[in-house]
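> Be aware that the sequence shown starts at 29, since it is given in the working numbering, and climbs by one per residue.
The beta carbon of each residue, even a glycine, is placed where N, CA and C say it ideally should be.
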Amino acid sequence: MKTVEMAREAGWKDLRDYDSQMRHDFFMGNLDSLERLVELVRADEREACAKVCDDLYRVWVSTDNDDINPPDALDCKIAIRARSNT
Numbered sequence: 029m030k031t032v033e034m035a036r037e038a039g040w041k042d043l044r045d046y047d048s049q050m051r052h053d054f055f056m057g058n059l060d061s062l063e064r065l066v067e068l069v070r071a072d073e074r075e076a077c078a079k080v081c082d083d084l085y086r087v088w089v090s091t092d093n094d095d096i097n098p099p100d101a102l103d104c105k106i107a108i109r110a111r112s113n114t
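1) Which value, in whole angstroms, describes the spacing of the CA atoms of Val89 and Lys105?
2) Which value, in whole angstroms, describes the spacing of the CA atoms of Asn97 and His52?
3) Would you kindly work out how many angstroms separate the C-alpha atoms of Val69 and Asp83, rounded to a whole number?
4) Quick check for students: name the residue ranges of the beta strand (DSSP E) that lie wholly in the stretch 31 to 97, counting only runs of 3 or more.
5) Apart from the five residues just before and just after Val80, which ones in its own chain have a Cβ nearer than 6 angstroms to its Cβ?
Written out as structure tokens, the structure is:
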């Protein structure tokens with residue numbers, strides 16, 4: 029899910045039409061929706077990281093892996109960190 033979609037789901041509106049005071053008032057009055065947005069972003073990132081590990085394992089299972097150990101936490105950690113480089 030894209031961040032803008034998550035913001036809308038959390039209750040945020042498009043603030044481009046508001047002046048700075050209205051934006052400030054809206055923000056201060058909607059801290060709960062900001063916290064909800066943060067939770068949505070965190071959940072999305074956790075799912076993306078889990079998918080990286082799932083994909084590593086699926087590739088391992090689908091190959092001739094007699095001589096290769098299954099992916100472990102170190103492999104997942106490296107693959108997850110590599111996501112930020114793409």
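Reading from the atomic positions:
1) 19 angstroms
2) 54 angstroms
3) 21 angstroms
4) Runs of beta strand (DSSP E) with 3 or more residues, each lying fully within the stretch 31 to 97, are absent.
5) Excluding its 5 nearest sequence neighbours in each direction, Val80 has C-beta neighbours in its own chain below 6 angstroms: Ala107, Ile108, listed in chain order.
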